[in-house]
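Trainee: One structure, as C-alpha coordinates, below. Some questions next.
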Amino acid sequence: MPDMPASPATAMPVTLSDRAARRIADILKAEAHPSALRVAVTGGGCSGFQYNFALDDAQLDEDLVLEKDGARVLIDPVSLDFLAGAEIDFADDLIGQSFKINNPNATASCGCGTSFTV
(Lines of atoms letter the chains of each structure in order from A and count residues from 1; the text may use other names and numbers.)
(Lines give C-alpha, C1' and ligand atoms only; values in the text may rest on other atoms or scores of the structure.)
Protein backbone atom coordinates (compact mmCIF):
# COMPACT_ATOMS: atom_id res chain seq x y z
CA MET A 1 0.00 0.00 0.00
CA PRO A 2 1.55 3.37 -0.97
CA ASP A 3 2.18 5.97 1.72
CA MET A 4 -0.47 8.64 1.95
CA PRO A 5 0.84 12.19 1.68
CA ALA A 6 0.99 14.05 4.96
CA SER A 7 -1.76 16.56 5.60
CA PRO A 8 -0.65 20.20 5.82
CA ALA A 9 -1.15 20.11 9.59
CA THR A 10 1.18 17.15 10.08
CA ALA A 11 3.64 18.16 7.39
CA MET A 12 4.03 21.69 8.74
CA PRO A 13 3.39 21.73 12.50
CA VAL A 14 2.89 24.86 14.56
CA THR A 15 5.93 25.87 16.59
CA LEU A 16 6.55 28.00 19.67
CA SER A 17 9.38 30.51 19.82
CA ASP A 18 11.54 30.53 22.96
CA ARG A 19 10.08 33.94 23.91
CA ALA A 20 6.50 32.68 23.60
CA ALA A 21 7.27 29.53 25.58
CA ARG A 22 8.80 31.56 28.42
CA ARG A 23 5.82 33.96 28.57
CA ILE A 24 3.22 31.16 28.40
CA ALA A 25 5.04 29.23 31.15
CA ASP A 26 5.06 32.38 33.34
CA ILE A 27 1.32 32.91 32.78
CA LEU A 28 0.50 29.27 33.55
CA LYS A 29 2.60 29.28 36.75
CA ALA A 30 0.47 32.16 38.05
CA GLU A 31 -2.75 30.17 37.56
CA ALA A 32 -4.36 28.35 40.49
CA HIS A 33 -5.15 25.30 38.34
CA PRO A 34 -2.80 23.85 35.75
CA SER A 35 -4.02 24.91 32.36
CA ALA A 36 -2.89 25.70 28.86
CA LEU A 37 -3.07 28.54 26.42
CA ARG A 38 -5.65 27.78 23.73
CA VAL A 39 -4.94 29.36 20.36
CA ALA A 40 -7.88 29.41 17.98
CA VAL A 41 -8.84 30.94 14.65
CA THR A 42 -12.37 32.31 14.32
CA GLY A 43 -14.25 34.26 11.69
CA GLY A 44 -14.26 38.00 12.18
CA GLY A 45 -11.84 40.84 12.58
CA CYS A 46 -11.16 43.45 9.94
CA SER A 47 -9.40 40.96 7.62
CA GLY A 48 -11.79 37.99 7.74
CA PHE A 49 -10.27 35.70 10.40
CA GLN A 50 -8.88 36.47 13.81
CA TYR A 51 -6.60 34.83 16.36
CA ASN A 52 -7.99 34.16 19.83
CA PHE A 53 -5.89 33.41 22.90
CA ALA A 54 -7.49 32.09 26.10
CA LEU A 55 -6.52 30.07 29.14
CA ASP A 56 -8.18 26.66 29.04
CA ASP A 57 -8.01 23.60 31.27
CA ALA A 58 -10.13 21.37 29.04
CA GLN A 59 -8.03 19.49 26.51
CA LEU A 60 -10.08 17.80 23.79
CA ASP A 61 -9.01 14.46 22.31
CA GLU A 62 -8.48 16.00 18.86
CA ASP A 63 -6.42 19.00 20.07
CA LEU A 64 -2.84 19.44 18.98
CA VAL A 65 -0.80 19.85 22.17
CA LEU A 66 2.42 21.84 22.01
CA GLU A 67 4.72 21.66 25.03
CA LYS A 68 8.00 23.49 25.46
CA ASP A 69 9.90 24.55 28.58
CA GLY A 70 6.83 24.52 30.85
CA ALA A 71 4.52 26.05 28.25
CA ARG A 72 1.45 24.17 27.04
CA VAL A 73 -0.62 25.23 24.03
CA LEU A 74 -3.82 23.64 22.70
CA ILE A 75 -5.01 24.05 19.10
CA ASP A 76 -8.22 22.55 17.73
CA PRO A 77 -8.16 20.78 14.32
CA VAL A 78 -10.15 23.48 12.46
CA SER A 79 -7.79 26.21 13.67
CA LEU A 80 -4.81 23.99 12.88
CA ASP A 81 -5.77 24.02 9.20
CA PHE A 82 -5.24 27.81 9.23
CA LEU A 83 -2.11 27.64 11.38
CA ALA A 84 -0.13 24.85 9.69
CA GLY A 85 3.50 25.94 9.50
CA ALA A 86 2.98 28.98 11.75
CA GLU A 87 5.14 30.10 14.65
CA ILE A 88 3.63 31.48 17.85
CA ASP A 89 5.89 34.28 19.08
CA PHE A 90 5.79 36.90 21.83
CA ALA A 91 6.69 40.54 21.30
CA ASP A 92 7.66 42.96 24.06
CA ASP A 93 8.31 46.36 22.53
CA LEU A 94 7.52 50.04 22.97
CA ILE A 95 3.88 49.66 21.96
CA GLY A 96 3.24 46.80 24.39
CA GLN A 97 3.36 43.07 24.89
CA SER A 98 1.44 40.59 22.78
CA PHE A 99 1.49 37.15 21.26
CA LYS A 100 2.13 37.23 17.52
CA ILE A 101 1.43 34.53 14.96
CA ASN A 102 3.94 34.33 12.11
CA ASN A 103 1.59 32.58 9.70
CA PRO A 104 2.75 31.57 6.21
CA ASN A 105 -0.90 30.92 5.23
CA ALA A 106 -1.96 34.55 5.74
CA THR A 107 -1.99 36.59 2.54
CA ALA A 108 -2.79 39.84 4.37
CA SER A 109 -3.28 41.01 7.93
CA CYS A 110 -4.57 44.04 9.76
CA GLY A 111 -2.30 46.65 11.30
CA CYS A 112 -2.60 45.23 14.82
CA GLY A 113 -1.80 41.68 13.69
CA THR A 114 -4.81 40.00 15.28
CA SER A 115 -6.78 39.37 12.09
CA PHE A 116 -5.76 37.99 8.73
CA THR A 117 -6.86 36.84 5.29
CA VAL A 118 -6.02 33.53 3.60
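Per this note's numbering, the very first residue in the sequence shown carries number 183; after that it's consecutive. Idealized CB from N, CA, C, for every residue including glycine.
State the DSSP-derived secondary structure class of A214, mapped to helix, strand or coil.
Mentor: coil
Trainee: Residues in its own chain within less than 6 angstroms of P259 by CB, not counting five upstream and five downstream?
Mentor: E244
Trainee: Between which two residues does the alpha helix (DSSP H) holding L262 run?
Mentor: 259-265
Trainee: Applying the 10 Å Cβ sphere with the 16-neighbour rule, what's the burial state of A268?
Mentor: buried
Trainee: Mark V196 as exposed unless 16 or more other C-beta atoms lie within 10 angstroms of its C-beta, in which case mark it buried.
Mentor: buried
Trainee: If distances are taken between C-alpha atoms only, which option among N285, L256, L276 comes closest to N265?
Mentor: In the sequence as displayed, the identity of residue 265 is Leu instead of Asn. Selected option, being the one with the closest Cα: N285.
Trainee: In this structure, how does DSSP classify A240 when only helix, strand and coil are distinguished?
Mentor: Three-state result, A240: coil.
Trainee: Just to confirm the assignment, what range does the beta strand (DSSP E) spanning I270 have?
Mentor: 269-275
Trainee: Assuming A207 and G278 are in contact, meaning their beta carbons sit under 8 angstroms apart, how far apart are those beta carbons, in whole angstroms?
Mentor: That pair is no contact at about 20 angstroms.
Trainee: Helix, strand or coil, according to DSSP, for A203 in the structure here?
Mentor: helix
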